[in-house]
Amino acid sequence: SNNQFGAVLSSLYSFWSACAVAIGGQQAAQHDLYSVILFDHSITNDLVHDFISSPNQLLNAVLRDDANGGMNFTAAIQRSQSVMEQHWSMER
């Protein structure tokens, strides 16, 4: 639950930090866009199509939510599909 959620957030932050270092601290290229959809009994789009935020800003956006129980996998997959279709680009 919260320990698992914390482990996921730690991994995300490490990934975002490594990406920031790899591009030399410059703004991410247009192909490095992040969307984070959290779910339990409800679905939350914490980040959608974000390429401006720093790793700290990305983490702070996700930290606003916590794990409250429940797992609506079907709704989460449907929301993920919707976000991907809405922001799809053949340039990436």
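Residue numbers for the sequence shown follow my numbering, so the first one is 1 and each next one is one higher.
Note that the Cβ used here is the ideal one computed from N, Cα and C, for glycine as well.
Asked: Please determine, among ILE23, ALA75, LEU59, the residue with the shortest C-alpha to C-alpha distance to SER11.; Found: LEU59
Asked: Counting pairs of beta carbons, one from the stretch 80 to 91 and one from the stretch 50 to 65, are three or more of them closer than 8 Å?; Found: no
Asked: Got a sec? Which residues, its chain only, sit under 8 Å from ASN72 by beta carbon, not counting five neighbours each side?; Found: PHE39, ASP40, HIS41, SER42, ILE43
Asked: Return helix, strand or coil for ASN45, following the three-state DSSP convention.; Found: strand
Asked: Between which residues of its own chain and LEU33 is the CB-CB distance below 6 Å, once the five residues before and five after are set aside?; Found: HIS49, PHE51
Asked: Taking ASP65 as the reference, which of ASP46, THR74, SER35 has the closest Cα?; Found: ASP46
Asked: Which value, in whole angstroms, describes the spacing of the CA atoms of GLU85 and THR74?; Found: 17 Å
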